[in-house]
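Just so we're aligned, residue 1 is where the sequence shown starts under my numbering, counting upward by one.
Virtual Cβ for every residue (Gly too), placed ideally from N, Cα, C.
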Amino acid sequence: MIKKTRAEITKCILHKVANKFNSGQNVFSEDLIRFDQESYDLMKNFLLKPFGSLTQSYRFTHHADVRLNELNNYASEVFKEETTFVEYSKNIVNHLYEQSNSAQIKTGDVIVVFIEGIEYKDVLTEAIGIFKIENKVNFFQTYLDDNESFDVVVQKGISTRKIDKGCLILNTSDTEGTVVFSVDNNNYDAQYWIKNFLSVKLADDYNSHTQSYLEMCKEFSEEVLKPELGMQEQGNFLANTVDYFKEHEAVDYHDFKDEVFAEDKHKELFDDYKKHFENLNDVLIRNNFDVSGVVLKKEKSKLKTEIKLDTNISIKLDVDAPEAASEYLERGYDEEKKMKYYKVYFNEEK
1 MIKKTRAEIT
11 KCILHKVANK
21 FNSGQNVFSE
31 DLIRFDQESY
41 DLMKNFLLKP
51 FGSLTQSYRF
61 THHADVRLNE
71 LNNYASEVFK
81 EETTFVEYSK
91 NIVNHLYEQS
101 NSAQIKTGDV
111 IVVFIEGIEY
121 KDVLTEAIGI
131 FKIENKVNFF
141 QTYLDDNESF
151 DVVVQKGIST
161 RKIDKGCLIL
171 NTSDTEGTVV
181 FSVDNNNYDA
191 QYWIKNFLSV
201 KLADDYNSHT
211 QSYLEMCKEF
221 SEEVLKPELG
231 MQEQGNFLAN
241 TVDYFKEHEA
251 VDYHDFKDEV
261 FAEDKHKELF
271 DDYKKHFENL
281 NDVLIRNNFD
291 VSGVVLKKEK
301 SKLKTEIKLD
311 TNISIKLDVD
321 APEAASEYLE
331 RGYDEEKKMK
341 YYKVYFNEEK
């Protein structure tokens, strides 16, 4: 996780990236943006706000030599000599352009910044930020017309609510390589930003281990448990998974299966799905790792434990109360109505 309290944007430039698939052409700026104080404060918060809560980081990768990774190379050159910032910002846009190999890749504005005073693990460092703005919003601009009356016109501009895509490349590294943070709020192509443009992989730490394991459990519940055993068992599994992570400082794969599954056949299904998930996502799910409480809290909110029925009724299970569904919810079949039913026990309505 980074801290941006003392961060300052010292260089900022904006270019336009086209789509190679549609034979478009990039458009480059030659000069840095000169901010007034109001626009600087707004831009700084707009660009850096998404990274304040990120816990997971990435490291550059390359099939032959990580030093041949384009962004790793460009960033290294800029950190060595800041005067090359404008030149390499254009190289970054050209590299992004080369990844637009389909019509669905959007054109947009690319903002490249040099930042000083980013704090990572209690050490101040520099960073290069790359941000792609893909979507613009309509807004009303008011003006005084020739008759000295106010009128409005619709214009398009950048919304300051959220970044479409962005990354921070820090001028710091560990045994795995240069530290990179990334956000992608328009994830229409999982390969485009993370794999093709950045060419990064998740750092081998407890944050990524926790996320990968919880993502695997979520997908297992959706693809295996829900079709075979129904939504109630799916909800029970997710609630028990969250409970295990809350009650244990570290995960042991075999212990997890013993606590969460009552039957051996379900353990075997989970084993098979683990191999499938690893192959599909090109990731290694660790059998033993420390739990990241921050990641657990974030990922827990994504777990859906709602039972939706075709009679326009939904039953929402509390993912933090694993015993509730098994203790106070019964599933059965009514012979007279020829319909399935749920029976819910409670003391009073809230």
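Would you mind sorting residue i into buried or exposed? The rule is 16 or more other CB atoms within 10 Å of its CB.
i, result
"aspartate 272", "exposed"
"tyrosine 341", "exposed"
"glutamate 30", "exposed"
"glycine 166", "buried"
"aspartate 146", "exposed"
"aspartate 41", "exposed"
"threonine 311", "exposed"
"serine 212", "buried"
"threonine 142", "exposed"
"asparagine 171", "buried"
"glycine 52", "exposed"
"glutamate 222", "exposed"
"valine 17", "buried"
"valine 152", "exposed"
Within a Cβ cutoff of 7 Å, which residues of the same chain sit near residue i, ignoring the five residues on either side of it in sequence?
i, result
"phenylalanine 220", "Phe270, Tyr273"
"asparagine 207", "Thr55, Gln56, Ser292, Val295"
"phenylalanine 35", "Met43"
"serine 173", "Val179"
"tyrosine 88", "Tyr74, Glu77, Val78"
"valine 260", "Phe237, Asn240, Thr241, Tyr244"
"glycine 177", "Arg59, Phe60, Val66"
With distance defined between alpha-carbon atoms, name the residue in the options nearest to residue i.
i, options, result
"serine 39", "Arg59, Phe60, Cys12, Ser29", "Cys12"
"lysine 343", "Tyr206, Val242, Arg331, Leu71", "Arg331"
"histidine 15", "Asn94, Asn69, Phe181", "Asn94"
"serine 292", "Asn19, His209, Ile194", "His209"
"glutamate 278", "Asp145, Ala75, Glu215", "Glu215"
"alanine 321", "Glu247, Phe197, Lys136", "Glu247"
"asparagine 185", "Leu198, Glu134, Leu202, Gln232", "Glu134"
"leucine 22", "Tyr97, Gln232, Glu176, Val86", "Residue identity check: residue 22 is asparagine in the sequence provided, not leucine. Asparagine 22 has its Cα closest to that of Tyr97, out of Tyr97, Gln232, Glu176, Val86."
"serine 301", "Leu68, Asp318, Asn287", "Asp318"
"asparagine 287", "Leu280, Phe139, Lys275", "Lys275"
"glutamine 104", "Asp65, Glu306, Gln191", "Gln191"
"threonine 5", "Ala203, His266, Leu303, Tyr120", "Tyr120"
"valine 154", "Val200, Glu81, Phe139", "Phe139"
"lysine 3", "Val200, Leu303, Val123, Leu329", "Val123"
"valine 283", "Asp205, Tyr345, Lys337, Ala250", "Asp205"
"lysine 304", "Met231, Asn281, Ala262, Lys337", "Met231"
Starting from residue i and walking both ways along the beta strand (DSSP E), at which residues does that stretch end?
i, result
"leucine 269", "Unbroken run through leucine 269 is the alpha helix (DSSP H), 264-281; no beta strand (DSSP E)."
"phenylalanine 150", "150-157"
"serine 301", "Serine 301 -> no beta strand (DSSP E), and no H or E assigned at all."
"lysine 308", "306-308"
"lysine 80", "Note, lysine 80: premise wrong, no beta strand (DSSP E); alpha helix (DSSP H) at 70-80."
"phenylalanine 60", "58-60"
"leucine 202", "200-202"
Less than 8 Å between CB atoms is the rule here; does residue i satisfy it with respect to chain C?
i, result
"tyrosine 58", "Here chain C cannot be found, since the structure has a single protein chain."
Tell me which same chain residues have a C-beta within less than 6 Å of the C-beta of residue i, skipping the five on either side of it?
i, result
"lysine 308", "Ser314"
"glutamate 116", "Glu8, Thr10, Glu126"
"tyrosine 253", "Asn287"
"asparagine 69", "Phe60, His62, Ser199"
According to DSSP, which residues form a beta bridge with residue i?
i, result
"glutamine 141", "Val153"
"histidine 15", "Val110"
"aspartate 252", "Asn288"
"aspartate 184", "Lys165"
"alanine 127", "Ile115, Leu170"
"isoleucine 2", "Tyr120"
"tyrosine 345", "Answer is none; tyrosine 345 lacks a bridge partner."
"leucine 329", "Val344"
"glycine 177", "Asp174"
Would you mind reading off the limits of the alpha helix (DSSP H) that contains residue i?
i, result
"threonine 241", "231-247"
"phenylalanine 46", "37-48"
"isoleucine 313", "It is not in any alpha helix (DSSP H) - isoleucine 313 carries neither H nor E in the DSSP assignment."
"leucine 96", "85-98"
"glutamate 215", "206-220"
Can you list, in chain order, the residues of its chain with a C-beta nearer than 8 Å to that of residue i? Leave out the 5 residues immediately preceding and following it.
i, result
"leucine 47", "Ile9, Ile111, Val113, Gly129, Phe131, Ile163, Gly166"
"phenylalanine 150", "Thr142, Tyr143, Leu144"
"aspartate 334", "Lys340, Tyr341"
Beta carbon of residue i: closer than 7 Å to some heavy atom of the ligand GTP?
i, result
"tyrosine 58", "Among the components modelled here there is no ligand, and therefore nothing to report on the ligand GTP."
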